[in-house]
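Asks:
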Amino acid sequence: MTTSLPDEEVMLMVRDGSAEMLGVLFERYEKPLFNFYVGLTKDRPASEDLVQEVFVRILKYRRSYKPGTNFRPWIYQIARNARADQMKKNVPHAEQTEAAEPMQAPANSLESDQQHAILRRALDELPEEKREILLLSRFQGLRYEEIAQMLGCQVGAVKVRVHRALQELREVFVRLERGAAQKSTAAGANYEM
Amino acid sequence: MKCEHAAEFIPDYLEGTLKPQDAERLEAHLESCAQCGKEIALARELTVLPTEEPSAALRTRFEAVLAAYEAGRRAGVARAQDAREPRAWTWNWFRSPALGFAAAAVLLVGGFLGGRYETNTNGPQSHDEVAALQGEVQGMRQLMVLSMLQEESASERLQGVSLSTREEQMDPKILTALLHTVRYDSSVDVRMAAIDALSRYGNHAQVRDGLAEALETNQSPLVQVQLIDLLVQLHDRNIIDQLHKIEQDTDVNPAVRERAQQAIAQLS
Ligand SMILES: [Zn+2]
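Sequence order for the protein chains is E and R.
Start counting at 1 in the first sequence, then tack on 243, and there's your number in the working numbering.
Start counting at 1 in the second sequence, then tack on 5, and there's your number in the working numbering.
(1) Which class does E:P249 belong to by DSSP, given the choice of helix, strand or coil?
(2) Beta-carbon of E:G422 versus every beta-carbon of chain R: anything under 8 Å?
(3) Over what stretch of residues does the alpha helix (DSSP H) that includes R:S169 continue unbroken?
(4) Would R:L71 pass as a contact of E:E296 if the rule is Cβ separation under 8 Å?
(5) Short of 7 Å in beta carbon distance, which residues of its chain neighbour E:E375, apart from the five on each side in sequence? Order them along the chain.
(6) What distance in whole Å lies between the Cβ atoms of R:A219 and R:L163, which are believed to be in contact at a cut-off of 8 Å?
(7) Less than 8 Å between CB atoms is the rule here; does E:P249 satisfy it with respect to chain R?
(8) Is the closest heavy atom of ligand 1 to the C-beta of R:H34 under 7 Å?
(9) Is any beta-carbon of chain E found at less than 8 Å from that of R:L151?
(10) Any beta carbon of chain R sitting closer than 8 Å to that of E:K402?
(11) What did DSSP end up calling E:H406 once you bin it into helix, strand or coil?
(12) Looking at R:V166 and R:A202, is the spacing between their C-beta atoms short of 8 Å?
(13) Output, in sequence order along the chain, the residues in the segment 374 to 396 of chain E whose CB is closer than 9 Å to any CB in chain R.
(14) How many angstroms separate the CA atom of R:L54 from the CA atom of E:H359?
(15) Would you mind working out which of E:Y319, E:E411, E:D292 sits nearest E:P275, comparing C-alpha positions?
(16) By alpha-carbon positions, which one of R:T186, R:M6, R:M175 ends up nearest to R:E156?
(17) Which residues in chain E have a C-beta closer than 8 Å to the C-beta of R:A198? List them in chain order.
(18) Suppose you measure from the CA of E:K332 to the CA of E:S290; what does that come to, to the nearest Å?
(19) Can you tell me whether DSSP reads E:I270 as helix, strand or coil?
(20) Compare the C-alpha of R:Q231 against each of E:E270, E:K303, E:L268 and name the closest.
(21) Among R:V212, R:M149, R:S191, which one has its Cα closest to the Cα of R:P177?
(22) Closest by CA to E:R413, which one among R:C41, R:L23, R:A12, R:K24?
(23) Looking at the unbroken alpha helix (DSSP H) that takes in E:A262, where does it start and where does it end?
(24) At a Cβ cut of 8 Å, what residues of the segment 253 to 283 of chain E count as close to chain R, listed as they run along the chain?
(25) Could you give the residue range of the alpha helix (DSSP H) that holds R:Q231?
(26) What did DSSP end up calling R:D254 once you bin it into helix, strand or coil?
(27) Please look up how many angstroms separate the CB atoms of E:M254 and E:F298, rounded, as I've assumed it's under 8 Å.
(28) Beta-carbon of R:V70 versus every beta-carbon of chain E: anything under 8 Å?
(29) For R:R89, count the other beta carbons within 10 Å of its own beta carbon; 16 or more makes it buried, fewer makes it exposed. Which is it?
(30) Any beta-carbon of chain E closer than 8 Å to the one on R:R66?
(31) For R:E20 versus E:Y387, is the C-beta distance shorter than 8 Å?
(32) So with Cβ pairs under 8 Å, would you call E:K332 a contact of chain R?
(33) Does the beta carbon of R:A159 come closer than 8 Å to any beta carbon on chain E?
(34) Give a single yes or no on whether R:A11 has its beta carbon closer than 7 Å to a heavy atom of ligand 1.
(35) What do you reckon, are the CB atoms on R:T52 and E:N278 nearer than 8 Å?
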C-alpha cells in the first residue's frame, strides 16, 4: 500500500472509517518508532509491544484526531504516553534481552563503528529525559517546533533542553572515549608481552 | 563570542535555521573552541547512527489487529442494525449483588448530576464540572463514573471510563463495573477503553480473572486480541488452556486464533 498523501490526509481517512489506511502510517512509522523505543528502553521485545500499542491507540482514539493537527507530534505524543503508561504498570518484561548487544563494537571494527558504539553508550548513560529529546530531535528528525507542540511548551524551551542534553552528551562521550583509549593501550601492552 | 553565547545558536545552527550572519559568528567561534565543535560533531553523528530493524512479527501482529478490527466493526454494524436486541446487560448490572449499593447510590444522585449536566454542552466544560463536583462531595467522582458507565450514549460511557483512570486508588466497585463493561458494553470502543483502564490493575487477581472471563465470552476480534495482549503482558499462565481452545475453534476469527497461538508460545 503506497501513497504520496501526507500523513495528515491519511490519518483523516483512518479517522473517517478507512482503517485499512492505517497500514500506510504503519509503513511510515513502524521503524522510526521502534528505534525511538529501542533508544529509550534498549529492550527489543518491549519496543515492539510499544509500537503495537501505539497503533492500537491510534485506532482507538482515531476520532480525537482533528483536521489541521500536525501528525508527527500527535503520534509521538501517543508514543510517549504509551511508554509512560507501560512504566506505571511496572510489569517486568519476560526476559532481559541482548539489549546491550548492538552497543558493543567488535574489536576489529572500523574506527567510525567504534565511535558510533561510544556515542550509543554515551547516549544510554544520559538521564531518560535528555536521551529522549536527543532521540526526537536528532535521531528521529523532529523539528523543535514539532517537539514543542508535542510537549506543550515553547520552542525556546525545547532548544535550551536540546543544548543541555548535547552538553552532557559531550561530557559523557569524552569520558568514555578516554576510558576506551586507556583500555586499548592496556590491551596492546598485554599483547606485546 | 563566548561559549554561553554559542550555546544559544547551536540548536538553530543544527536545524539549519540560524541567520547567516549569526552562523558566521558561530563558525568563527568554532575555529577556536573544540568543546562547542565537539558538541556539533556529536549532534551530527546522532543523525547517522545505525538503526535497528524490528522483527517481522511486529508487522504480522499489526496486520492481525487491523484485520480483527475490521471484522469487529462489521460485526458491530450488524448488531446495530438489529435494533430489537434487548440491552440485557443493564439488567445484569442491577442483579449483580456487588453493585447493588452502587446502583442505588447512582439512582439517588442521578437526578442531581443530570441536572448539572443539562446546563452544559458536552465537551471540556463537563469535565470541569466533574472536577468541581469532586471537590464538593467526597466520592462523587466514583458515583459519577458508575453513573456514566450506564449512559445510553457510547461517548458518555467512554468519558466515564476515562474518568475512572484518574483515581489513584481504584475503588473495588469501579473495578467491578469496568469488568462488567468489558464483558457487556455494546460498543467495542468502550470495551477497549475499559480494558485499557483496567490494565493498570493487573496485579489484582479479580482483574485478571475478570479479563480471562471476558475473553471467554467476547465476540469482538479486536477486543479478544487486546485481551490476549494484556493477559500475556501480565504473564497470566492460567489462560493457556483457554488459548488452546480459541486456537482450535474454527468459528473464531483467524486473526484471533493466530494471536492465541503466538500467546501460547509467549507464555510457555
Ligand atoms: Zn565554545
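Even for Gly, the Cβ is constructed at its ideal location relative to N, Cα and C.
Replies: In this structure, then:
(1) In this structure, E:P249 counts as coil in the three-state DSSP scheme.
(2) Contact with chain R is absent for E:G422, since none of that chain's Cβ atoms lies less than 8 Å from the residue's Cβ.
(3) Its alpha helix (DSSP H) spans residues 159 to 169.
(4) No. Outside cutoff.
(5) The answer, listed in chain order, is L283.
(6) Actually they do not touch by this definition, with Cβ atoms about 18 Å apart.
(7) So no, E:P249 is outside the interface.
(8) Yes - ligand 1 has a heavy atom lying nearer than 7 Å to the Cβ of R:H34.
(9) R:L151 does not count as touching chain E.
(10) Yes - at least one Cβ of chain R is within 8 Å of the one on E:K402.
(11) Taken through DSSP and simplified to helix, strand or coil, E:H406 comes out as helix.
(12) The answer is yes: Cβ separation under 8 Å.
(13) Of all residues in the segment 374 to 396 of chain E, those with a C-beta nearer than 9 Å to a C-beta of chain R are L377, L378, S380, R381, F382, G384, R386, Y387, reading in chain order.
(14) Looking at the two C-alpha atoms, the distance is approximately 7 Å.
(15) Comparing Cα-Cα distances from E:P275 to each of E:Y319, E:E411, E:D292, the minimum goes to E:Y319.
(16) Residue nearest to R:E156 within the set R:T186, R:M6, R:M175 is R:T186 (criterion: CA-CA distance).
(17) K303, listed in chain order.
(18) A direct Cα-Cα distance of roughly 15 Å separates E:K332 from E:S290.
(19) The sequence shown places Glu at residue 270 of chain E, not Ile. E:E270: helix per DSSP, three-state reduction.
(20) Measuring C-alpha to C-alpha distances from R:Q231 to each of E:E270, E:K303, E:L268 identifies E:K303 as the nearest.
(21) Ranked by Cα distance from R:P177, the first of R:V212, R:M149, R:S191 is R:V212.
(22) Ranking the options by Cα distance to E:R413, first place goes to R:C41.
(23) Where E:A262 is concerned, there is no enclosing alpha helix (DSSP H), given that its DSSP letter is neither H nor E.
(24) Under the 8 Å Cβ criterion, the segment 253 to 283 of chain E contributes A262, E263, L265, G266, F269, E273, K274, F277, N278, V281.
(25) Note, R:Q231: alpha helix (DSSP H), 226 to 238.
(26) R:D254 falls in the coil class under three-state DSSP.
(27) About 12 Å separates the two Cβ atoms, so there is no contact after all.
(28) True, the Cβ-Cβ gap to chain E drops below 8 Å.
(29) Any reading at R:R89 must be qualified, since the residue scores a pLDDT of 39, below 50, and its modelled position is unreliable; no value is offered.
(30) For R:R66, the answer is yes, since a Cβ of chain E falls inside 8 Å of its Cβ.
(31) Contact flag set, yes.
(32) It does: the Cβ of E:K332 has a partner Cβ on chain R nearer than 8 Å.
(33) By this cut-off, R:A159 is not an interface position.
(34) Checking the Cβ of R:A11 against ligand 1 gives yes.
(35) Result no, Cβ atoms of R:T52 and E:N278 do not sit closer than 8 Å.
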